[in-house]
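Enquirer:
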Amino acid sequence: MSFLIRRFGFYFTAFLIAISFNFMLPRLMPGDPVDALFAAAQGRMDPAQMDAVREMYGFVDGNVFEQYFAYMKSVFTLDLGPSVLMFPVSVSDVLAMALPWTMFLALGSLIVALIIGVSIGTYASYRREGLFGQIVPPVLAFISNFPYIVTALLLFYFFGLKLELLPLAYTYDPSLEPGFTWEFISSVAKHAVLPMGSMVLVGIATWVFNMRNAMINVLGEDYVTMAEAKGLSSYRVMSRYAGRNAILPVATAIAMAIGFSFAGSIMTEVVFNYQGLGNILLKGIVARDYPLIQAILLILVTAVLTANFIADLLYVWLDPRISN
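All residue numbers for the sequence shown refer to UniProt numbering, where the first residue is 1 and numbers rise by one.
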């Protein structure tokens with residue numbers, strides 16, 4: 001229990017530092033960011049918009065400490081203020097529309113890559129002297145060296161433009177009404193194939209090599225040799241004896257992978273005009289919507305910290321010795 005309390009305290013402190021950095025960012029800029037927004041809008045922002053954005057930033061009456069605590073309160077109450085891009089819609093409402101699609105894309109691609117990669121890595125380690133173990137991992141390693149955006153553009157060109165097999169943009173067919181219908185669900189799945197596929201291709205090699213290397217180390221242990229000497233099947237040796245212990249390094253890699261997956265989804269969404277955080281972030285940068293940009297960055301930091309904390313819990317569950 002003390003281990004969990006220490007880890008929670010560490011990540012909560014990191015979260016507070018991230019929030020503080022978000023608070024300081026606009027104040028490190030020369031002048032008032034709201035005035036910069038007004039200049040960029042060529043005077044099209046009315047006073048109500050300027051006052052609302054200024055209040056969101058905390059540029060209100062009072063010293064910097066009062067502004068800081070007012071900002072902290074707004075973060076913890078999820079009162080993130082209005083979006084400049086979609087005024088008077090609040091930032092929270094904008095995120096509520098975009099975040100589920102990014103989570104679907106990022107976590108979906110991570111789960112698919114994890115399942116396929118761990119399976120291939122396990123088999124490649126057990127058959128590392130064979131043709132499969134010699135060819136498949138290097139090929140996947142070559143593909144993984146491509147950035148997310150390059151892989152996305154290649155799939156976009158060949159399967160979207162050239163072959164016209166899959167849709168190129170949006171999260172679903174705009175003519176459909178969202179709902180739990182087969183037509184809508186199939187449209188969502190079809191529109192997710194290219195963006196999710198590009199992320200899976202880039203991320204799968206990580207899990208293949210993590211699992212393969214961990215399995216090779218574990219396969220030399222005495223308890224694995226004993227299991228093989230008992231005449232147990234290869235599947236049982238890999239899954240029950242070697243796999244459980246080899247999965248430990250993979251569990252810790254999941255935390256970092258979630259951060260990379262969210263970052264990759266943001267770039268991929270731009271290519272496919274996928275209506276998630278990446279698409280909204282690009283529009284926010286163009287419109288200089290600082291409240292929206294800050295909120296999205298805060299979400300990314302929170303996602304990474306939460307994933308690391310969950311990975312710590314999972315690691316302790318798999319190996320209780322860590323808590324000591």
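Where a beta carbon is used, it is the ideal one built from N, C-alpha and C, also for glycine.
Expressed to the nearest angstrom, what Euclidean distance is found between the alpha-carbon atoms of valine 304 and glycine 259?
Expert: Just so you know, the alpha carbons of valine 304 and glycine 259 end up roughly 5 Å apart.
Enquirer: Looking at asparagine 210 and glycine 108, is the spacing between their C-beta atoms short of 8 Å?
Expert: no
Enquirer: Under a three-way DSSP split, which group does serine 90 fall into?
Expert: Looking at serine 90 - three-state DSSP - the assignment turns out to be strand.
Enquirer: Out of Leu165, Met72, Lys230, which has the shortest C-alpha to C-alpha gap to phenylalanine 21?
Expert: The option with the nearest alpha carbon to phenylalanine 21 is Met72.
Enquirer: Considering only residues of the same chain and omitting the five flanking positions on each side of glutamate 183, which have a CB-CB separation below 8 Å?
Expert: Leu176
Enquirer: Would a C-beta distance cut-off of 8 Å place valine 200 and alanine 246 closer than the cut-off?
Expert: Not in contact: valine 200 and alanine 246 (Cβ atoms no closer than 8 Å).
Enquirer: With a CB to CB cut of under 7 Å and the five nearest residues on each side skipped, what residues in its chain are close to methionine 86?
Expert: For methionine 86, where only same-chain residues beyond five positions count, the Cβ hits under 7 Å are Val94.
Enquirer: Between the Cα of threonine 77 and those of Val91, Ile115, Ile310, Val112, spot the shortest distance and give me the residue it belongs to.
Expert: Val91
Enquirer: Kindly list the residues whose CB is nearer than 7 Å to the CB of leucine 153, restricted to its own chain and excluding five residues on each side of it in sequence; keep chain order.
Expert: Val271
Enquirer: What is the rounded straight-line gap between the Cα of isoleucine 19 and the Cα of valine 118?
Expert: Taking the straight line from one Cα to the other gives about 35 Å.
Enquirer: May I have the straight-line CA-CA distance separating phenylalanine 3 from alanine 311, to the nearest angstrom?
Expert: Distance between the alpha carbons of phenylalanine 3 and alanine 311 is about 13 Å.
Enquirer: Can you give me the C-alpha to C-alpha distance between alanine 169 and alanine 96, rounded to a whole angstrom?
Expert: 20 Å
Enquirer: Hey, out of Met24, Ile5, Pro195, His191, whose CA is closest to phenylalanine 65's CA?
Expert: Met24
Enquirer: For proline 82, does the three-state DSSP call read helix, strand or coil?
Expert: strand
Enquirer: Helix, strand or coil, according to DSSP, for threonine 206 in the structure here?
Expert: Helix, per DSSP.
Enquirer: Relative to the alpha-carbon of proline 291, which residue among Met50, Arg212, Pro138 has its alpha-carbon at the smallest distance?
Expert: Met50
Enquirer: Within 10 angstroms of its Cβ, does valine 286 collect 16 or more other Cβ (buried), or is it exposed?
Expert: exposed
Enquirer: Can you round the beta-carbon distance between glycine 197 and alanine 113 to whole angstroms, since I take them to be within the 8 Å contact cut?
Expert: 10 Å between Cβ atoms; not a contact.
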